[in-house]
Amino acid sequence: MELKFDEKGLIPAIVQDHYTKQVLTLAYMNKESLAITIDEQRTCFWSRSRQELWRKGDTSGAVQHVVSITADCDGDALVVEVVKDGPACHTGEESCFFNQLYLSDELKAFSYEGLYDLIAGRKSNPKEGSYTTYLFEKGMDKILKKVGEECTEVIIGGSKNDREETIYEIADLTYHVMVLMVQMSITVEDITRELEKRHVVDHKVKQERMQ
Numbered sequence: 003m004e005l006k007f008d009e010k011g012l013i014p015a016i017v018q019d020h021y022t023k024q025v026l027t028l029a030y031m032n033k034e035s036l037a038i039t040i041d042e043q044r045t046c047f048w049s050r051s052r053q054e055l056w057r058k059g060d061t062s063g064a065v066q067h068v069v070s071i072t073a074d075c076d077g078d079a080l081v082v083e084v085v086k087d088g089p090a091c092h093t094g095e096e097s098c099f100f101n102q103l104y105l106s107d108e109l110k111a112f113s114y115e116g117l118y119d120l121i122a123g124r125k126s127n128p129k130e131g132s133y134t135t136y137l138f139e140k141g142m143d144k145i146l147k148k149v150g151e152e153c154t155e156v157i158i159g160g161s162k163n164d165r166e167e168t169i170y171e172i173a174d175l176t177y178h179v180m181v182l183m184v185q186m187s188i189t190v191e192d193i194t195r196e197l198e199k200r201h202v203v204d205h206k207v208k209q210e211r212m213q
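Anchor point for the sequence shown: position 208 equals 210 in the working numbering, and the numbering is continuous, going up by one each time.
As structure tokens, then:
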């Protein structure tokens, strides 16, 4: 499709992490920087403050490798999915969007990332009477014991072909696995990256590795 650049020859580009879908930054491209981005398969922007081309990572080393570029319905904005070598923000933050203005705790809990953050919060800021805090206080042995128990419950529910019970037990298992992840500093992104790697492995190879 034909892209619509503004009167200064620029188009906004929303940069998004390919694995986590986190919005990393909002930058601008002109026709030349977009062509360079596609040709080199790494992000290149037009710096409005310096009035020059800016290849992300030239000075910081935090290169962004381009996976895909998608235009919106009007052709006047882009979404660039990338795999990054380091933080997107010059401050050292993973994303430039870290100044939180509003957060709904209720809705935040209904995502894996949100649940992970809530669990992590119970470890960094213990809350009296919290079951999650209790697990962290008891330590790894207790956490592993609960993961094992929930695995068994999932198996029991599945063996009875009881859909509702199995859903309930998988939810319990998911929660306890996330407690284990937080305890071991394993992030949702770490798991996503591992699944991404497995997706491109030949099916037969995966079977042989599992035997």
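The beta-carbon is built from N, C-alpha and C at its ideal position, and this holds for glycine as well.
Across the region 148-163 and the region 178-188, are there enough close Cβ pairs to call them in contact, namely three or more that are closer than 8 Å? They touch, by the three-pair rule.
Just tell me which of Ala-64, Thr-45, His-92 has its CA closest to the CA of Ser-70. Considering only alpha carbons, the answer is Thr-45.
My understanding is that Gln-18 touches Val-82, with C-beta atoms under 8 Å, so please give their C-beta distance in whole angstroms. Beta-carbon to beta-carbon, Gln-18 and Val-82 are separated by about 7 Å, close enough to satisfy the 8 Å threshold.
Using a Cβ-Cβ cutoff of less than 8 Å, which residues in the same chain neighbour Gly-160 once the five nearest sequence positions on both sides are dropped? In its chain, beyond the 5 residues on either side, Thr-168 have a beta carbon closer than 8 Å to the beta carbon of Gly-160.
Need the endpoints of the beta strand (DSSP E) that Lys-86 sits in, please. Segment 80-86, the beta strand (DSSP E) holding Lys-86.
List the DSSP bridge partners of Ala-73. Leu-80.
Out of Val-25, Glu-4, Pro-128, Gly-59, point me to the one whose CA is closest to Lys-33's CA. Minimum Cα distance to Lys-33 is reached at Glu-4.
Check for me: the alpha helix (DSSP H) holding Ser-126 runs from which residue to which? Judged by DSSP secondary structure, Ser-126 falls within the alpha helix (DSSP H) whose first and last residues are 114-126.
Inspect the beta-carbon positions of Met-31 and Trp-48 and report whether they are closer than 7 Å. Between Met-31 and Trp-48, the C-beta spacing is below 7 Å.
Euclidean distance between Cα positions of Ile-188 and Arg-195: About 11 Å.
For Tyr-136, does the three-state DSSP call read helix, strand or coil? In the structure shown, Tyr-136 adopts helical secondary structure according to DSSP, grouped into three states.
Return yes when at least one heavy atom of the ligand FAD lies under 6 Å from the C-beta of Thr-45, else no. For the ligand FAD, the structure offers nothing, since it holds no ligand at all.
Once DSSP output is grouped into helix, strand and coil, what is the label at Cys-46? Strand at Cys-46.
Could you check where the beta strand (DSSP E) with Arg-165 kicks off and where it finishes? Per DSSP, Arg-165 belongs to no beta strand (DSSP E); it is in the alpha helix (DSSP H), 165-185.
Check whether the Cβ atoms of Val-190 and Phe-99 lie closer than 7 Å to each other. Here Val-190 is not near Phe-99, since their CB atoms are 7 Å or more apart.
Mind reading off the beta-carbon distance from Ala-90 to Ile-13? Whole number of angstroms is fine, and I expect it under 8 Å. Taking 8 Å as the upper bound for CB-CB distance, Ala-90 and Ile-13 are not in contact here, some 19 Å apart.
Beta-carbon proximity check, Thr-135 vs Lys-144, cutoff 7 Å: Inclusion of Thr-135 and Lys-144 in the CB contact set at 7 Å is not warranted, their separation being larger than that value.
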